[in-house]
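Chemist: This is the structure I have questions about; it appears just below.
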Ligand code: ADP
């Protein structure tokens, strides 16, 4: 069964075609700069540079490629059985992979206010896919869904009840990634009822506590700015700063959004959101870069401590996404001086985790793993499980 996976942004579309249930990737590619003067469409080495006014033109190029007899992928569009779409916000209602119909699309629209940057783009992806692949089943896989198991003790804020009743609560994000890597960790441990912390450290970053395969707490909240220090987002700050900026310093609410979302985090601390640059400067003794890395790692340590305390133990700590998978420096700083806590890493394994199947654990009890995330595969698997 052929399943396409779409991750649509407002000006981009990433896609992969899988043969399921073999989990085999047939092609993967992306369209960028949709709606701009010059667009770019890429599958493997094949690249087209031309205007892509909307997502539709990108999908038409994809269809041409799939049907091209030289590529021998499909003979008829009907062979694409399903399309799995990443949808960032599922609110309180969407807890499972969901077959898309008119009602589901209306509900995704209702959630625009909770995810104004993502849900509209995700819906464009769905509606365009419906036009171009009318016979395929469309499935929505929500980034928030994995976190619906977070108990009230962790998803409720200590603010008046009426706000909770109106849906102001912790939703959490990166759920597809946390679910994928925590499942892999459970498989490696061979223990269903494990206590795990997964660290998704990309441009956006979040930590999740997973108990019995279910999300128990996560560091992002009602929106994606909370928690860890990120590429350009502040992570946790004292709320009074927001009112000070608004009321005393004359910034508008849009300004504050922009500051906390795009101008904070590592960008603010070290002038870049590319961790490779910051590591390079730190290695040359740049004090600003060293402090930024220490702050980044320190917040993660705080979350590890609080989650292990809440769960009453920790079987495995998992690093994933761009930074988690590639930065031995961050992994070393995060796990430094934590052997009292059962966490340590092996320096040699940490510098080359692939050689050790991602196991970088030292000689303490908690397993420490580097597990590459694969959100596209997770979407394909969940779509397949829903439909077959
Ligand atoms: P996104 O959230 O955009 O998907 P990624 O998961 O691709 O982000 O992660 C991007 C981050 O990963 C950037 O900060 C980048 O500098 C960092 N990164 C990528 N490769 C390396 C590397 N080899 N060493 C350190 N950091 C890396």
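Residue numbers (the numbering used here): 5 to 392.
Where a beta carbon is used, it is the ideal one built from N, C-alpha and C, also for glycine.
Being a predicted model, the structure only gives us computed values, none of them experimental.
Who are residue 14's beta bridge partners in DSSP?
Modeler: Note: residue 14 sits in no beta bridge, so no partner.
Chemist: Please work out which residues of its chain come closer than 7 Å, Cβ to Cβ, to residue 82, disregarding the five sequence neighbours upstream and downstream, and give them in chain order.
Modeler: These residues qualify, in order along the chain: 139.
Chemist: Should residue 283 be listed as close to the ligand ADP, given that the test is whether its C-beta is under 7 Å from any heavy atom?
Modeler: yes
Chemist: Quick check: what's the CA-CA separation for residue 210 versus residue 376?
Modeler: 15 Å
Chemist: Does at least one heavy atom of the ligand ADP sit under 7 Å from the Cβ of residue 331?
Modeler: yes
Chemist: Taking all protein chains shown into account, do 16 or more other C-beta atoms lie within 10 angstroms of the C-beta of residue 110, making it buried, or fewer, making it exposed?
Modeler: exposed
Chemist: Cβ of residue 101 within 8 Å of Cβ of residue 390?
Modeler: yes
Chemist: If you measure between the beta carbons of residue 219 and residue 230, is that distance less than 8 Å?
Modeler: no
Chemist: In terms of DSSP beta bridges, what is residue 142 paired with?
Modeler: 87
Chemist: Residues in its own chain within less than 8 Å of residue 309 by CB, not counting five upstream and five downstream?
Modeler: 345
Chemist: Can you round the beta-carbon distance between residue 60 and residue 43 to whole angstroms, since I take them to be within the 8 Å contact cut?
Modeler: Between residue 43 and residue 60 the Cβ distance is about 12 Å, and since that is not below 8 Å, they are no contact.
Chemist: What is the DSSP secondary structure of residue 226, reduced to helix, strand or coil?
Modeler: coil
Chemist: Counting beta carbon pairs with one atom in the segment 30-40 and one in the segment 104-121, are three or more of them shorter than 8 Å?
Modeler: no
Chemist: How should residue 73 be labelled, buried or exposed, when 16 other C-beta atoms within 10 angstroms of its C-beta is the threshold for buried?
Modeler: With fewer than 16 Cβ atoms within 10 Å of its Cβ, residue 73 is classed as exposed.
Chemist: Please list, in chain order, all residues of the same chain as residue 305 whose beta carbon is under 8 Å from its beta carbon, the five residues on each side excluded.
Modeler: 338, 342
Chemist: For residue 30, report the span of its beta strand (DSSP E) as first-last.
Modeler: 28-36 is the extent of the beta strand (DSSP E) around residue 30.
Chemist: Return the chain-ordered ranges of every alpha helix (DSSP H) run that is complete within the segment 146-221 and spans a minimum of 4 residues.
Modeler: At a cut-off of 4 residues, the continuous stretches assigned as alpha helix (DSSP H) that sit fully inside the segment 146-221 are 156-159, 165-169, 179-193.
Chemist: Excluding the five sequence neighbours on either side, which residues of its own chain have a C-beta within less than 6 Å of the C-beta of residue 151, listed in chain order?
Modeler: 176, 179, 219, 222
Chemist: Is it buried or exposed for residue 79, if we count other Cβ within 10 angstroms and need 16 for buried?
Modeler: exposed
Chemist: Note down the Cα distance separating residue 143 from residue 290, rounded to an integer number of angstroms.
Modeler: 48 Å
Chemist: Is there contact here, the segment 186-196 with the segment 250-265, by at least three beta-carbon pairs under 8 Å?
Modeler: no
Chemist: Can you tell me whether residue 313 is buried or exposed, with buried defined as 16 or more other CB within 10 angstroms of its CB?
Modeler: An exposed status is given to residue 313, since fewer than 16 other beta-carbon atoms sit within 10 Å of its beta-carbon.
Chemist: Can you tell me whether residue 115 is buried or exposed? The criterion is at least 16 other CB atoms within 10 Å of its CB, across all chains shown.
Modeler: Buried, because 16 or more other Cβ atoms sit within 10 Å of the Cβ of residue 115.
Chemist: Between residue 145 and residue 217, which are expected to be in contact by the criterion C-beta below 8 Å, what is the C-beta distance as a whole number of angstroms?
Modeler: Contact flag wrong, Cβ pair sits at about 17 Å.
Chemist: Under 8 Å between the Cβ atoms of residue 349 and residue 205?
Modeler: No, the Cβ-Cβ distance between residue 349 and residue 205 is not below 8 Å.
Chemist: When every heavy atom of the ligand ADP is checked, does at least one fall within less than 7 Å of the C-beta of residue 273?
Modeler: no
Chemist: Would the beta-carbon of residue 278 be found less than 7 Å away from any heavy atom of the ligand ADP?
Modeler: yes
Chemist: If you reduce the DSSP assignment to three classes, tell me which class residue 316 lands in.
Modeler: coil
Chemist: Using a Cβ-Cβ cut-off of 8 Å (strictly less than) and excluding sequence neighbours within five positions of residue 195, which residues of its own chain qualify?
Modeler: 319
Chemist: Could you please give the first and the last residue of the uninterrupted alpha helix (DSSP H) stretch that includes residue 269?
Modeler: 269-274
Chemist: May I ask which residues mark the beginning and end of the alpha helix (DSSP H) holding residue 338?
Modeler: 332-339
Chemist: Taking 7 Å as the line, does the beta carbon of residue 326 fall inside it for any heavy atom of the ligand ADP?
Modeler: yes
Chemist: Name the two residues that bound the continuous alpha helix (DSSP H) containing residue 353.
Modeler: 351-355
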